[in-house]
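Using the working numbering, read the first sequence as starting at 74 and increasing by one per residue. The beta-carbon is built from N, C-alpha and C at its ideal position, and this holds for glycine as well. First comes the structure, then the notes that go with it.
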Amino acid sequence: MKVKYELDKKDGNARLGKLHTNHGTVITPMFMPVGTCATVKTLTPEQVKECGSGVILSNTYHLWLRPGEDIVDKAGGLHQFMNYDGPILTDSGGFQVFSLAKNKKKDIVEEGVHFKSHIDGKKLFLTPELSIEIQNKLDSDIAMSFDECIPPNSTYEYTKNSTERTLRWAKRGKEAFNNEKQSLFGIVQGGSFEDLRKYSALETVKMDFDGYAIGGVAIGEEKDVTYNMIDYSIKYLPEDKPRYLMGVGEPLDILEGVKQGVDMFDCVLPTRLARHGNAFTREGKINLKNAKFKEDFTPIENDCDCYACKNYTKAYVKHLITCNESLGGTLLSIHNIRFLIKMMEEIREAIKEDRFIEYKEEFTKKYTN
RNA sequence: GCGCCAUUGGUGAAGGGGUUAACACGGCGGAUUGUGGUUCCGUUAUGCAUCGGUUCGAAUCCGAUAUGGCGCC
Numbered sequence: 074m075k076v077k078y079e080l081d082k083k084d085g086n087a088r089l090g091k092l093h094t095n096h097g098t099v100i101t102p103m104f105m106p107v108g109t110c111a112t113v114k115t116l117t118p119e120q121v122k123e124c125g126s127g128v129i130l131s132n133t134y135h136l137w138l139r140p141g142e143d144i145v146d147k148a149g150g151l152h153q154f155m156n157y158d159g160p161i162l163t164d165s166g167g168f169q170v171f172s173l174a175k176n177k178k179k180d181i182v183e184e185g186v187h188f189k190s191h192i193d194g195k196k197l198f199l200t201p202e203l204s205i206e207i208q209n210k211l212d213s214d215i216a217m218s219f220d221e222c223i224p225p226n227s228t229y230e231y232t233k234n235s236t237e238r239t240l241r242w243a244k245r246g247k248e249a250f251n252n253e254k255q256s257l258f259g260i261v262q263g264g265s266f267e268d269l270r271k272y273s274a275l276e277t278v279k280m281d282f283d284g285y286a287i288g289g290v291a292i293g294e295e296k297d298v299t300y301n302m303i304d305y306s307i308k309y310l311p312e313d314k315p316r317y318l319m320g321v322g323e324p325l326d327i328l329e330g331v332k333q334g335v336d337m338f339d340c341v342l343p344t345r346l347a348r349h350g351n352a353f354t355r356e357g358k359i360n361l362k363n364a365k366f367k368e369d370f371t372p373i374e375n376d377c378d379c380y381a382c383k384n385y386t387k388a389y390v391k392h393l394i395t396c397n398e399s400l401g402g403t404l405l406s407i408h409n410i411r412f413l414i415k416m417m418e419e420i421r422e423a424i425k426e427d428r429f430i431e432y433k434e435e436f437t438k439k440y441t442n
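This is the structure:
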């Protein structure tokens, strides 16, 4: 079945709703941990679920290269392959054109994108149709349209051309898409330009996708630019479809997104920060590598209900990180994911009680980085 | 007792008279937003065993001392 969004309540523009999928219903606004290579790095699916997460995100580009979509297909699809029975969203590979090809050669043409494998340097060519075909074989619940993530500070002319091309790609992908069990989301681009965002949003909505993403944000631009890009895009999206702000995971940015009406977020931050020794706390991020935690025998956060905080001390986690022990990354990933998901739970509670803005202000006041 | 050789940060070390002592690891700090899974960036010896000397200038040359290694009586 296609995903179905049900709007339950609004508090300002913040929305409380439900997203029904083939693999269960999740309540929005919600946060999706990222499992690029068919795993949320360092965590078992059980551990991911214990954090309270619903949807996880995986990646077309990476699974295309390894192990190959046919192998995932033979395994019975991504859910079976990785033993995760919750909803899965797959990114289209569009972002990798931007992130992997930074400083490297890439060639964006009308037909698709030529670039080189990050694994063996092999020449690759990804098109909107191929991205759809791969995602079809991966059998995710939600597939994403193939887009170009426009680098910050691109000129108006470049942004306009790219945005129009992304629209043509969206159309081609939509036409190639033929899977009743899977949903397909369109992606709004338009860079930091108000008129291009509006144009991109309106044209994308015309194609009638199952949900809409706002892309091209949080890739190095200033925060106020990000917030404007959301504003320029989201007001043209339909109320009865889910809205997904791609790649955003800083707590304060999530709060701003929710305020503007975003339902879904994803980010590598909780897991990447974890592997590098950082933890989210209500007072802001802390770096467990700092010497001051050497003899700190208290949990990462005293009142946190995650497995790591209930059982381990900062001194121990610091020791694991220092020794490069993978359990350090696991414990911090559990904490960081739980932190964001707990925050989403509180956000939903606040929306339900018409005090979202108060919640946001209170959170922001305490959170200092 | 004599002779030869060595001695450079927490560690491994480069530099054999010319401005601020290479590099690496470690330490400390920072970064990280649709993940290229041990990444990136910054910082870390006002000093080259010690004390003198030569020189415009010494980690680099000379002498003594200390410590260590090897050899000889």
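Could you check whether N156 and P333 sit closer than 8 Å to each other, using their CB atoms as the reference points? Before going on, a small fix: residue 333 reads as Gln here, not Pro. The answer is no: Cβ separation not under 8 Å.
Distance check for F266 and S204, CA to CA, integer angstroms please. 27 Å
Expressed to the nearest angstrom, what Euclidean distance is found between the alpha-carbon atoms of I181 and T228? 16 Å
Since F198 sits in a beta bridge, which residues does DSSP pair it with? H187
Straight-line CA distance for K308 to T403? 39 Å
Throw me the rounded Cβ distance for the G246 and P201 pair, which I believe falls under 8 Å. 4 Å
I'd like to check one pair, D164 with N209: are the Cβ atoms closer than 8 Å? no
Which full runs of the beta strand (DSSP E) of 3+ residues lie inside the region 88 to 152, going along the chain? 97 to 101, 103 to 106 and 129 to 132
Taking just the CA atoms, how far does H349 sit from A243? 36 Å
Using the Cβ count rule (16 or more neighbours within 10 Å means buried), how would you classify R421? buried
State the Cα-Cα distance for the pair L136 and I161, rounded to the nearest angstrom. 14 Å
Using the Cβ count rule (16 or more neighbours within 10 Å means buried), how would you classify T232? buried
Taking the C-alpha atoms as reference points, what is the distance between L361 and R238? 44 Å
Buried/exposed call for L138, threshold 16 Cβ in 10 Å: buried
G263 to G289, Cα distance in whole Å? 8 Å
Kindly identify the DSSP beta-bridge partner or partners of K296. The partner list for K296 (beta bridge, DSSP) is empty, contrary to what the question assumes.
Under 8 Å between C-beta atoms of F154 and V170: no
Once DSSP output is grouped into helix, strand and coil, what is the label at N375? coil
Pick from M417, N375, R355 and T395 that is closest to K438, judged by C-alpha positions: R355
Pull up the distance between the alpha-carbon of K383 and that of C377, whole angstroms please. 7 Å
Could you pull the start and end residues of the alpha helix (DSSP H) that V49 belongs to? Since the first residue shown for the chain is 74 and the last is 442, residue 49 is missing from the structure and cannot be characterised.
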